[in-house]
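Structure, as C-alpha cells:
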Amino acid sequence: MVLLCGLACPIGRLGQKESSSSPTNLLNIPRELRDEIFTLVLTHRHPSPKTPAEVEAQTRTWGGGGWSSSDLVSYLQNPRAYDTNAAGLLSTSTQLRIETEDVLKRLDLTHELDIKFVNERYLAPTWILIHTKPLHFKRVHVVLQSIGAWQVPAQRMKHSARDPWFPGNGGPPGYVWLFYNTLMHFLRWGISGPQNTDHSIDVCVERLELDFVDPENTELLPPLDKFANLQMARCQRARSARFSNEAHGPELLQPELLARDLTSSMLYLFGMDYHAAEYAELLHERIGEMVFLVNGALMQQLDVGQILADLEFNNSFSNVRRDYRVDTWIDWKEKAQLGRKKRGLKTVGFKDGWQDQARTAAAQYYARR
C-alpha cells in the first residue's frame, strides 16, 4: 500500500515537468498493479471544511450568476479545486487512456458535492469527488449539512445584509433561492467556481441525490417534535426577531425539516405556474430524477420525466402576454420533451389531446377573470 500511495500522487500530475513518472514507466508495471494505482488516483477525495472557521480560512468568492441571493453562496476560488482526477491519466498515452477508461467503467463512480450551510446563513459548496467532467452526469450525490449555529440577533455578514430566512414578497424565503442558485450554477456551468458570464454549457444529470444529514454537533438539534415545519422553526422566528428584537438560538435545524421544505419548493417550481415557470424551464430539460434523502434514508423521489408528462397548463409564464401564454406553454412543453430525448434523459409520453386540453383549460381560466 505504501508503494501504491507513493506512485499515485505523481500520476495525478502527469504531463507536468516536475513529475518523475512517465507513460513508459507506468507501462512497465504489471497491469493488475496499474489498475490499483489508477483506482487510488480516480477515487481521490478533496477534504471538506468542518467548521465555520475552516470555511472562512479558505479562499472563496461570493456569488456569481446574477440571481437573487447568489451572493450568499461562497465558491472556492482556486481553479485546482475543480480539477478532475482522471485528467493526467487520460492525456498521457493511448494505452493508458484506454486502461483508465476501463477502470472508470468498472468503478462506475458517482460525482460527490458537499454543501455546508454555514450558521444557516450562507452556503459553502466543495466538490469532493471529481473523477471526470462530463456534460452528461450519470449520478451526482450532494450532502447538505449545517455547521456552526443559527441564532438571532446574529452578527451582520460583511458581504450581505440579507437574511435568508426572512419570508419573500409572495414567494419562498431567500434560503430556497440559495439552493436553487447552486443547482442552476451546476446546470449552466458544470463543476466550476463562480461565474460572471452568461455563456454556459449544456449540462444534464440523470440522477441528482440530495442527502440532508445531521450536523457534527447534534446537541444543537432541537427535539424532533419541537417544530411542525420549517416555517415555524425559522421564517416566523426570523420575522419576529426583526420587528421585536426577540432572541433565538443557538441551535440548528433538524435536517428532515429542511429536506421536506425544499422538496415542497422544488415541486412548486416544477409545477410551472404563473410565477415559477421562468425559473423551472431548465430544470425540466436537464434533470432525470431528484432524490431526497435524510441521513441516507430515502424520503422522496421526483421523476421529472413523469412530472413533465403529467403537467397541465397553470397560467404559466408571467412574462408573456395573457393571449399568448397557452401557446407559449405548449411550445415549451414540446421543446422540453425533445430536449430530454436529445440529452438521453428518461421521457414519458404525453397523453393524447394534451394540447387541446391545455387550450380549453386556458379559456376556462381566463373566462373567470
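According to numbering that gives the first Met the number 0, the sequence shown is numbered sequentially starting from 0. We treat Cβ as the ideally placed atom computed from N, Cα and C, and that holds for glycine.
- Short of 7 Å from the beta carbon of Glu-284, and not among the five residues preceding or following it, lie these beta carbons of its own chain, in chain order: Ala-335, Gly-338 and Arg-339.
- As DSSP reads the structure, Ile-329 sits in no beta bridge.
- Relative to Leu-307, the option among Glu-333, Asp-326 and Val-151 whose CA is nearest is Glu-333.
- Assignment of Ala-275 by DSSP, reduced to helix, strand and coil, places it in the coil class.
- Per DSSP, the beta bridge partners of Ser-145 are Phe-116.
- Contact annotation: the stretch 210–229 does not touch the stretch 70–83, with fewer than three C-beta pairs closer than 8 Å.
- For Gln-305, the enclosing alpha helix (DSSP H) covers residues 303–309.
- Of all C-beta pairs linking the stretch 221–235 to the stretch 183–196, fewer than three are shorter than 8 Å, placing the two stretches out of contact.
- Nearest in C-alpha terms to Leu-251, of all of Leu-282, Glu-218 and Leu-266, is Glu-218.
- Straight across, the Cα-Cα distance linking Lys-115 with Asp-326 is about 42 Å.
- Residue nearest to Glu-277 within the set Val-319, Thr-38, Ala-296 and Asp-309 is Val-319 (criterion: CA-CA distance).
- Just so you know, the alpha carbons of Arg-259 and Pro-124 end up roughly 21 Å apart.
- Ranked by Cα distance from Asn-294, the first of Glu-53, His-130, Leu-143 and Glu-55 is Leu-143.
- Assigned with DSSP and collapsed to three states, Phe-37 falls in helix.
- Taking a C-beta distance under 7 Å as the contact criterion, Leu-229 and Leu-71 do not qualify as a contact pair.
- Using a 10 angstroms sphere on the CB of Asn-195, the tally of other CB atoms stays under 16, which defines it as exposed.
- One alpha carbon belongs to Glu-100, the other to His-45, and they sit about 21 Å apart.
- Here the alpha carbons of Lys-104 and Arg-33 stand approximately 15 Å from one another.
- Per the DSSP secondary-structure output, Ala-296 pairs in a beta bridge with Val-293.
- Within the DSSP bridge table, the entry for Glu-288 names Arg-206 and Asp-302 as partners.
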